[in-house]
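What follows is a short report on a single structure.
2 protein chains.
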Amino acid sequence: MTVKAAMAEAAEAVLEVMDRLLPIPDGPEARVVEAMRYSSLGSGKRFRPFLVLESARLFAVNRACALRVGAAVEFLHSYSLIHDDLPAMDDSDLRRGRPSCHKQFDEATAVLAGDALLTYAFEVLANEATHADPRVRAELVLALARASGTQGMVGGQMIDLLAEQQSEFDHAHVTRLQRMKTAELICFSCEAGAILGKGGPAARYALRSYGQEMGLAFQIADDLLDIEGDSAETGKPTGLDAAAGKATLVAVQGVESARAHASMLVEQAARHLDFFDEKADLLKSVARFVIDRRS
Amino acid sequence: MTVKAAMAEAAEAVLEVMDRLLPIPDGPEARVVEAMRYSSLGSGKRFRPFLVLESARLFAVNRACALRVGAAVEFLHSYSLIHDDLPAMDDSDLRRGRPSCHKQFDEATAVLAGDALLTYAFEVLANEATHADPRVRAELVLALARASGTQGMVGGQMIDLLAEQQSEFDHAHVTRLQRMKTAELICFSCEAGAILGKGGPAARYALRSYGQEMGLAFQIADDLLDIEGDSAETGKPTGLDAAAGKATLVAVQGVESARAHASMLVEQAARHLDFFDEKADLLKSVARFVIDRRS
Numbered sequence: 001m002t003v004k005a006a007m008a009e010a011a012e013a014v015l016e017v018m019d020r021l022l023p024i025p026d027g028p029e030a031r032v033v034e035a036m037r038y039s040s041l042g043s044g045k046r047f048r049p050f051l052v053l054e055s056a057r058l059f060a061v062n063r064a065c066a067l068r069v070g071a072a073v074e075f076l077h078s079y080s081l082i083h084d085d086l087p088a089m090d091d092s093d094l095r096r097g098r099p100s101c102h103k104q105f106d107e108a109t110a111v112l113a114g115d116a117l118l119t120y121a122f123e124v125l126a127n128e129a130t131h132a133d134p135r136v137r138a139e140l141v142l143a144l145a146r147a148s149g150t151q152g153m154v155g156g157q158m159i160d161l162l163a164e165q166q167s168e169f170d171h172a173h174v175t176r177l178q179r180m181k182t183a184e185l186i187c188f189s190c191e192a193g194a195i196l197g198k199g200g201p202a203a204r205y206a207l208r209s210y211g212q213e214m215g216l217a218f219q220i221a222d223d224l225l226d227i228e229g230d231s232a233e234t235g236k237p238t239g240l241d242a243a244a245g246k247a248t249l250v251a252v253q254g255v256e257s258a259r260a261h262a263s264m265l266v267e268q269a270a271r272h273l274d275f276f277d278e279k280a281d282l283l284k285s286v287a288r289f290v291i292d293r294r295s
Numbered sequence: 001m002t003v004k005a006a007m008a009e010a011a012e013a014v015l016e017v018m019d020r021l022l023p024i025p026d027g028p029e030a031r032v033v034e035a036m037r038y039s040s041l042g043s044g045k046r047f048r049p050f051l052v053l054e055s056a057r058l059f060a061v062n063r064a065c066a067l068r069v070g071a072a073v074e075f076l077h078s079y080s081l082i083h084d085d086l087p088a089m090d091d092s093d094l095r096r097g098r099p100s101c102h103k104q105f106d107e108a109t110a111v112l113a114g115d116a117l118l119t120y121a122f123e124v125l126a127n128e129a130t131h132a133d134p135r136v137r138a139e140l141v142l143a144l145a146r147a148s149g150t151q152g153m154v155g156g157q158m159i160d161l162l163a164e165q166q167s168e169f170d171h172a173h174v175t176r177l178q179r180m181k182t183a184e185l186i187c188f189s190c191e192a193g194a195i196l197g198k199g200g201p202a203a204r205y206a207l208r209s210y211g212q213e214m215g216l217a218f219q220i221a222d223d224l225l226d227i228e229g230d231s232a233e234t235g236k237p238t239g240l241d242a243a244a245g246k247a248t249l250v251a252v253q254g255v256e257s258a259r260a261h262a263s264m265l266v267e268q269a270a271r272h273l274d275f276f277d278e279k280a281d282l283l284k285s286v287a288r289f290v291i292d293r294r295s
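Read top to bottom, the protein sequences are chains A and B.
If you read the first sequence in the numbering used here, its first letter stands for residue 1, the second for the next number, and so on.
If you read the second sequence in the numbering used here, its first letter stands for residue 1, the second for the next number, and so on.
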């Protein structure tokens, strides 16, 4: 199966689970659930859930369990997009070719929908249905919280916002920012399979390392798309990050050097998976796919 | 010991734990941690942590464990205040007599500080240091997530915002709103002791019921303070909720009837604690204290 076909299949399966996990309640609070559904169930590559599913497959984890973890990661990812798009943050009116959450609903509902998606990600992980062993559930919660907190996504977003006010940033600074903002959650998605499958330290380390290098490559690819992409394909206006003076590796290194850097990261990432032999071939191809994508 | 003295002692102990749990990191992300500290470590009654400590005492739970859960609840409570104060939500410039988080820092930092406090609450609960048994940790995460999500705090806040646009609301509607917005988290705080101490279903039910009645009484007392309180004592401008047309039980019932309602709820709440004999005497007095407070 091609990477593209495998990703499409995984995206459909996880979407079904997410849809089931977000029933619309009876009361007026339905509005916030509608906003959660609007922002999380729309189009999207479901890249992070795909990583969860593929890493879980290495340990023959029950697919229903892996799908729930994939849904949780996607809920968390959706929360971050909603809050990032807010006027006080990146002030984006468009997301995946549609009005962003605060444009479609309103700002208060968008703040709450993000809060609720973040909260719900942890609720889904902690629920018995995700894994029979409570130790696994607690470990998943802990790892996801660390990937999302001040030393992960939130910390990265904070540095990103501060960087906009700076005129110069060095390579190490931007790499740290991107690791925190983007790579940590991708890293968690890869490690999740090992947590679910109770893999040993070596397996966990291999998947974490793969996720870290690939997460950084993923971000560089995103930044290249912002500069070179076609907004009809990417579903968002291009050139915005560059105009906002965002601290990207492309801004620091230049286009050609950044592209070469991403290629090198992808090769390094794939090498970490040698640990799993040919079972991990699809994951290896994913890393390459990530930097070749057009959207 | 008087309720007041016991609460002051608990507040000091939980503040120390919260302070230790929020070290300022080296990088520029320190700003978001400073905002988290500003909003969570300032003055405050630490009412929810007190309930955790007192309910945990009924089961002779290790105090260090209970203090961590208390800290987690207070982090979560602080997140809700930061986001509620945002311009798009209640637009409050003052909180506990000081500038609210987005006034002291900026709106983006306030959104992120709230997100990080919410995330961190789950991280603290899922950490091994909170309880040796992973089942207890997973259960705490699940219960807190439920109390905070669309069927708890977030859902309540959504209904509250929508209610501002309505001119009439009935008693059942407002009671449901307040239960979700305020009582669920208070309920969790009471139940947490039973989760930590692996209390049986009857004990859990008793504490949940106590928390539910008392949480509602707590909210009525808050609404009465908004109308009758002295802003120098409460640390926030009074009369604002009434002016904003907030859906409170005081608005629906009138001051006298609401006061009588709160008294009745407090008595009902205390009765649920008969299950624990005199061990729960302090918790019983707390319920009374809650509606007699001046701030």
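Just so it is clear, CB atoms sit at the ideal spot from N, CA and C, and this is done for glycine as well.
1) Starting from the beta carbon of A/Leu162, find every residue of chain B whose beta carbon is closer than 8 Å, and list them in chain order.
2) Please name the residue in A/Phe169, A/Ala206 and A/Pro134 whose C-alpha comes closest to that of A/Asp274.
3) Looking only at its chain, what residues have a beta carbon closer than 6 Å to the beta carbon of B/Val252, apart from the 5 residues adjacent to it on each side?
4) Which residue from A/Ala13, A/Asp222 and A/Leu265 puts its Cα closest to that of A/Pro237?
5) With the cut-off set at 8 Å, would you say A/Ala258 and A/Leu224 are in Cβ contact?
6) Would you please verify whether the beta carbon of A/Ser92 is less than 8 Å from any beta carbon of chain B?
7) Could you give the distance in angstroms between the alpha-carbon of B/Ala280 and the alpha-carbon of B/Gln212?
8) Give the secondary structure of A/Arg95 by DSSP, where H, G and I count as helix, E and B as strand, and everything else as coil.
9) Find out if the Cβ-Cβ distance for the pair A/Met7, B/Val111 is shorter than 8 Å.
10) Rounded to the nearest angstrom, how far is the Cβ of B/Asp85 from that of B/Arg95, given a contact under 8 Å?
11) Mark B/Arg204 as exposed unless 16 or more other C-beta atoms lie within 10 angstroms of its C-beta, in which case mark it buried.
12) Could you tell me whether the Cβ of A/Glu123 comes closer than 8 Å to any Cβ of chain B?
13) Are the CB atoms of A/Ala66 and A/Lys45 within a distance shorter than 8 Å?
14) Check the C-beta distance from B/Met214 over to B/Ile195 and give it rounded, since I have them as a contact under 8 Å.
15) Strictly below 7 Å CB to CB, what residues from chain A border B/Pro134?
16) A/Arg25 and B/Gln157 look like a contact to me (Cβ under 8 Å); what is the Cβ gap, rounded to whole Å?
17) Expressed to the nearest angstrom, what Euclidean distance is found between the alpha-carbon atoms of B/Phe289 and B/Phe218?
18) At the level of alpha carbons, what is the spacing between B/Ala13 and B/Ser100?
19) Please confirm whether A/Gly149 has its beta-carbon closer than 8 Å to some beta-carbon of chain B.
20) So the candidates are A/Leu216, A/Arg37 and A/Val3; which of them puts its Cα closest to the Cα of A/Thr109?
21) Starting from the beta carbon of A/Ala10, find every residue of chain B whose beta carbon is closer than 8 Å, and list them in chain order.
22) With H, G and I counted as helix, E and B as strand and the rest as coil, what does DSSP make of B/Lys4?
23) For a cutoff of 8 Å on Cβ pairs, would you count A/Glu107 as touching chain B?
24) Of all Cβ atoms in chain A, is any one closer than 8 Å to the Cβ of B/Asp115?
25) Pick from B/Phe75, B/Asp106, B/Ala72 and B/Gly70: whose alpha carbon is nearest that of A/Pro87?
26) By the 10 Å Cβ neighbour count, where 16 or more other Cβ atoms means buried, how is A/Ala247 classified, buried or exposed?
27) Is A/Gln178 buried or exposed, if buried means 16 or more other CB atoms sit within 10 Å of its CB?
28) Judging by CA-CA distance, which residue of A/Glu233, A/Arg293 and A/Phe276 is the nearest neighbour of A/Ala262?
29) Report yes if the CB atom of B/Ala116 is closer than 8 Å to the CB atom of B/Val32, and no otherwise.
30) Going by DSSP in three states, A/Ser100 sits in which element: helix, strand or coil?
31) Just to make sure I have the definition right: I need the residues of chain A whose C-beta is within less than 7 Å of the C-beta of B/Gln157. Which are they?
32) Are B/Leu283 and B/Glu74 touching if we call contact CB-CB under 8 Å?
33) Could you work out which residues of chain A lie near B/Leu118, taking near to mean beta carbons separated by less than 7 Å?
34) Along chain A, in chain order, which residues have C-beta atoms closer than 7 Å to that of B/His83?
35) Use the C-beta contact count for B/Gly200: other C-beta atoms within 10 angstroms, 16 or more gives buried, fewer gives exposed.
36) Please go through the same chain and pick out, in chain order, the residues whose beta-carbon is closer than 7 Å to the beta-carbon of A/Gly114, but skip the five residues on each side of it.
The short version:
1) Pro28 and Arg31
2) A/Ala206
3) His171 and Val174
4) A/Asp222
5) yes
6) no
7) 16 Å
8) strand
9) no
10) 6 Å
11) buried
12) yes
13) no
14) The Cβ separation is near 18 Å, so there is no contact.
15) Pro134, Arg135 and Ala138
16) Reading off the sequence, residue 25 of chain A comes out as Pro, not Arg. No, A/Pro25 and B/Gln157 are not in contact; Cβ-Cβ is about 14 Å, not under 8 Å.
17) 10 Å
18) 24 Å
19) yes
20) A/Arg37
21) The contacting residues do not exist; A/Ala10 stays about 25 Å from chain B at best.
22) helix
23) yes
24) yes
25) B/Asp106
26) buried
27) buried
28) A/Arg293
29) yes
30) coil
31) Leu112
32) no
33) Asp115, Leu118 and Thr119
34) Val111 and Asp115
35) exposed
36) Tyr79, Ile82 and His83
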